[in-house]
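One structure below.
Protein chains: 2
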Amino acid sequence: MEQVKIIELKESILEDNDKDAQVLRDELKGKGTCLINLMSGPGSGKTTTLLKLKDQFAGRISWGVMEADIDSDVDAIRLKEAGVPSIQLHTGGMCHLDADMTRQGLRSFDRDDLDLIFLENIGNLVCPAEFDTGAAINMTILSVPEGDDKPVKYPLMYEVADIMVVNKIDTLPVFDFDRERMERAVYERNPDMKIFYISALTGEGVPELADYLVERVKECNQ
Amino acid sequence: MEQVKIIELKESILEDNDKDAQVLRDELKGKGTCLINLMSGPGSGKTTTLLKLKDQFAGRISWGVMEADIDSDVDAIRLKEAGVPSIQLHTGGMCHLDADMTRQGLRSFDRDDLDLIFLENIGNLVCPAEFDTGAAINMTILSVPEGDDKPVKYPLMYEVADIMVVNKIDTLPVFDFDRERMERAVYERNPDMKIFYISALTGEGVPELADYLVERVKECNQ
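Respectively, the protein sequence lines represent chains A and B.
Each residue of the first sequence is one higher than the last, beginning at 220 in my numbering.
Each residue of the second sequence is one higher than the last, beginning at 220 in my numbering.
Take a look at the structure:
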């Protein structure tokens, strides 16, 4: 099995995370690296979606992934085995990353040459939404089996996200998922949300998502 | 639509949650009420499982539900409409409940006559596992679509739980879920875990789970 670099993050001592996040965002802009904070509940398919984007990104943008987890390195290994530059960040039990922790990860990753870095946040719909990581773009994934009521139950996640991916649409025939009800709840909280429907398993909808992300990354690094 | 009682919980001021949790556990024992702390990620089917247990519990034990959520009261309404005594607890953004918050909920619920109260915790695999709520039993649900790797990624949840329910087994043909790999990871962390496989949609496995819970509740209240 491949070895991945594992970074044990230290808890931040900075008091003003919002200010620190803005500083980090400006630094990254200066370096021409677009950081996307990828959030979702556990098992919605964050890593699988990234793996599926790989072929679509090939030859268009250079990219890598910082995988954050409480424990384990299974996701970073999956990405590394697929040839995607990645490191594993361990939060030591904490259920989110803030800007200082993200900076610790970026320093260890040490890849100033990439157009795009995904921060795959802890699988959690609550805490990650509360902390600005310094990312230019917040992206959230909801998978069909989780249910269409998540925007009602975890409103902050859908307020802070810029892009929403609805994953596992191949399972729509199996689950009672009301797309209109979900969209209504999302747009009520966030009229500017950009929503994509994909299956990271079959690849449906992934090219459209990739095209949009490539454009956003270019804008982000201008 | 039915109206449910909504309680806005206050953040605890007590310093020693573990001690407070033990006091609450003893109080509940004295009252003959078994408290089960039900935890899982978002959308694994906590409320649907409870609704499916209803017919199985009928005539055997009296029970109710305290629904904890960041926001909304959709779950408590579903339970109340089904005739299950329930109240809605709002955590004001916090991603877990501790013993003091649980006590606030129990006081507002004010049902000393029930054999069993479920505390349906916030949908989250991280924070809820870190706080003893004073419950006699910790129960966790993992749904098949979330993936078999959750015990590896969120180990504490599977260390603190006494009972694990694997839900949505009707979707096993659709997802790549390795039951043996999952069980290995669980038993490694918790050799005493009691695991049940159910479909809260079709009802498969629910009678066995209900029988076990009825016995545990009786033991709990002896």
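Glycine included, each C-beta is placed from N, C-alpha and C at the ideal position.
Only a predicted model underlies this, so the values are computations on that prediction, with no experimental measurement involved.
Check: Would the beta-carbon of B/N440 fall within 8 Å of that of B/D334?
Finding: Less than 8 Å divides the Cβ of B/N440 from the Cβ of B/D334.
Margin query: Using a 10 Å radius around the Cβ and a threshold of 16 neighbouring Cβ atoms, would you call B/P370 buried or exposed?
Written below: Result: buried.
Item checked: Beta-carbon proximity of B/T321 to B/L344, cut-off 8 Å -> Taking C-beta atoms as the reference points, B/T321 and B/L344 fail to come closer than 8 Å.
Note to self: Alpha carbons only, please: which of B/I306, B/K273, B/A301 is nearest the one belonging to B/D288?
What the structure shows: The residue among B/I306, B/K273, B/A301 with its C-alpha nearest the C-alpha of B/D288 is B/I306.
Item checked: Where the alpha helix (DSSP H) containing B/Q275 begins and where it ends -> Start and end: 265-276.
Item checked: Member of B/D395, B/E227, B/G302 whose CA lies at the smallest distance from the CA of B/L316 -> Checking every option, the nearest Cα to that of B/L316 belongs to B/E227.
Next item on the list: Could you tell me whether the Cβ atoms of A/R263 and A/I382 are closer together than 8 Å?
Entry: Inspection of the sequence shows that residue 263 of chain A is occupied by Ser rather than by Arg. The answer is no: Cβ separation not under 8 Å.
Notebook entry, point to check: Is the Cβ of B/T390 closer than 8 Å to any Cβ of chain A?
Noted result: For B/T390, the answer is yes, since a Cβ of chain A falls inside 8 Å of its Cβ.
Margin query: Assuming A/A380 is part of the beta strand (DSSP E), what are its boundary residues?
Written below: For A/A380, no beta strand (DSSP E) encloses it, and the DSSP letter there is neither H nor E.
Check: B/G283 lies in the beta strand (DSSP E); which residues open and close that run?
Finding: Per DSSP, B/G283 is one residue of the beta strand (DSSP E) stretching across 282-288.
Margin query: I'd like to check one pair, A/Q323 with A/K229: are the Cβ atoms closer than 8 Å?
Written below: Result yes, Cβ atoms of A/K229 and A/Q323 sit closer than 8 Å.
Next item on the list: Kindly list the residues whose CB is nearer than 8 Å to the CB of A/R297, restricted to its own chain and excluding five residues on each side of it in sequence; keep chain order.
Entry: Within the same chain, A/R297 has close Cβ partners T266, L270.
Notebook entry, point to check: Which residues in chain A sit within 7 Å of B/V345, going by Cβ to Cβ distance?
Noted result: Contact of B/V345 with chain A by beta-carbon distance below 7 Å involves I289, C314, I341, N343.
Note to self: Let me confirm a value: B/D292 is counted as buried when at least 16 other C-beta atoms fall within 10 Å, else exposed. Which label applies?
What the structure shows: It counts as buried.
Item checked: Contact belief for B/M285 with B/P347 at Cβ below 8 Å, rounded distance in angstroms -> Contact doesn't hold; Cβ gap of about 13 Å is too wide.
Notebook entry, point to check: Can you list, in chain order, the residues of its chain whose CB lies under 7 Å from that of A/A429, leaving out five sequence neighbours each side?
Noted result: These residues qualify, in order along the chain: L272, Q275, F276.
Item checked: Residue span of the alpha helix (DSSP H) that contains B/G342, given as start and end -> Taken as a continuous stretch (DSSP letters only), B/G342 belongs to no alpha helix (DSSP H), being part of the beta strand (DSSP E) at 335-342.
Notebook entry, point to check: Cβ of A/P364 less than 8 Å from any chain B Cβ?
Noted result: Cβ-Cβ to chain B under 8 Å: yes for A/P364.
Checklist line | Beta carbon proximity, B/V293 to chain A, threshold 8 Å | finding: Residue contact check for B/V293 against chain A: a CB pair falls below 8 Å.
Margin query: Our contact map puts B/C314 next to B/I336 with C-beta atoms below 8 Å; I'd like the distance itself, whole angstroms only.
Written below: Contact check for B/C314 and B/I336: beta-carbon distance about 21 Å, past the 8 Å limit, so the pair fails to qualify.
Margin query: If you follow the beta strand (DSSP E) that B/K413 is in, where does it begin and where does it stop?
Written below: Segment 413-416, the beta strand (DSSP E) holding B/K413.
Item checked: Backbone secondary structure at B/C253 - three-state DSSP -> The three-state reading of DSSP puts B/C253 in strand, counting E and B together.
Notebook entry, point to check: How about B/V363 and B/F396: do their beta carbons lie closer than 8 Å?
Noted result: In contact: B/V363 and B/F396 (Cβ atoms closer than 8 Å).
Next item on the list: Could you give the DSSP three-state label for A/D393: helix, strand or coil?
Entry: Checking the sequence shown, residue 393 of chain A turns out to be Val, not Asp. Here A/V393 sits in coil by DSSP.
Notebook entry, point to check: How would you call B/K238, buried or exposed, if buried means at least 16 neighbouring beta carbons within 10 angstroms?
Noted result: Under this definition B/K238 is an exposed residue.
Note to self: Please report the straight-line C-alpha distance between A/E234 and A/L243, rounded to a whole angstrom.
What the structure shows: One C-alpha to the other measures close to 15 Å.
Notebook entry, point to check: Between B/W282, B/D411, B/G312, which lies nearest to B/G302 when the distance is taken from Cα to Cα?
Noted result: If we check each option's Cα against that of B/G302, B/W282 comes out closest.
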